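Here's the structure we're looking at; comments come further down.
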Amino acid sequence: MSPHADEVLDAIQGRRSIRAYEDRYLDDETVLSIIHAGIHAPTTLGLQPWRFVVVRDHDLMKRISDYCKPILLLNLKDMTTPEAVEQKILLSSKDFNIFYGAAVLVLVLGKEKSHFSTYDCTLCAGNMMLAAHALGVGSCWIGSIGPVADNPGLMKELKVPEGWMIVAPIAFGYPKEIPEKPPRREPEIAWVR
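If you're matching positions, the sequence shown starts at 1 in this note's numbering and goes up one per residue.
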């Protein structure tokens, strides 16, 4: 095993989705280091079909949250699982923000016309979240931002150019708390020899 294998495996197994952040500035150098780790992800045919938007405007983030919350609530209206009920309670709260008070939102954008954007940008995002963890920075993939794609005004404010889509919206900041390691099911594996 390589001398750094333990460090890499610890980062993979230690990373958590952070949903509570300190009110603390995350400097540009750290954000750039995280993005730089992302661009070293595997990419189909070396296409690198990504670009990035770094959002520090917390008023814009709040407006996006306020726009998305009622749409998300509507999508959950018929769901009754305990997780859905918990989400409905959160989304109904005036004070709840889908970005959890993160210092920065980084959007990984993919080219709409590239068949591989979703795969490549998702791998890029995974690298970014692992790098953030290694740097002591928390992260959370914010799937709740999905409805913003249907709002041309907000997409313009987010500087998402025509021909590009948001593949991975990731919140970054210093964790206020680290959640317990969630249980993982044993993988189902079929061996073909």
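Don't be surprised by glycine CBs; every beta carbon is placed ideally from N, CA and C.
As the structure is a computational prediction, the values presented were derived from the model and not from experiment.
State the CB to CB distance for the pair residue i and residue j, rounded to an integer number of angstroms; the pair is presumed to be in contact (CB under 8 Å).
{"i": "Cys124", "j": "Gly38", "result": "4 Å"}
{"i": "Tyr100", "j": "Ala171", "result": "6 Å"}
{"i": "Ile35", "j": "Met128", "result": "7 Å"}
Using a threshold of 7 Å, state whether the C-beta atoms of residue i and residue j are closer than that.
{"i": "Cys121", "j": "Ala190", "result": "no"}
{"i": "Leu26", "j": "Ala103", "result": "yes"}
{"i": "Tyr174", "j": "Arg24", "result": "yes"}
{"i": "Leu91", "j": "Leu73", "result": "yes"}
{"i": "Leu105", "j": "Gln87", "result": "no"}
{"i": "Ser163", "j": "Glu83", "result": "The amino acid occupying residue 163 in the given sequence is Gly; Ser does not appear at that position. The answer is no: Cβ separation not under 7 Å."}
DSSP three-state call for residue i: helix, strand or coil?
{"i": "Pro3", "result": "coil"}
{"i": "Ala190", "result": "coil"}
{"i": "Arg51", "result": "strand"}
{"i": "Ser17", "result": "strand"}
{"i": "Gly38", "result": "helix"}
{"i": "Pro70", "result": "helix"}
If you count every other CB in all the chains shown that lies within 10 Å of the CB of residue i, and 16 or more means buried, which is it?
{"i": "Met1", "result": "exposed"}
{"i": "Thr80", "result": "exposed"}
{"i": "Ser93", "result": "exposed"}
{"i": "Leu32", "result": "exposed"}
{"i": "Phe52", "result": "buried"}
{"i": "Ile89", "result": "exposed"}
Go through the region 106-168 residue by residue and report every complete run of the alpha helix (DSSP H) that reaches 4 residues or more, in order.
117-134, 152-157
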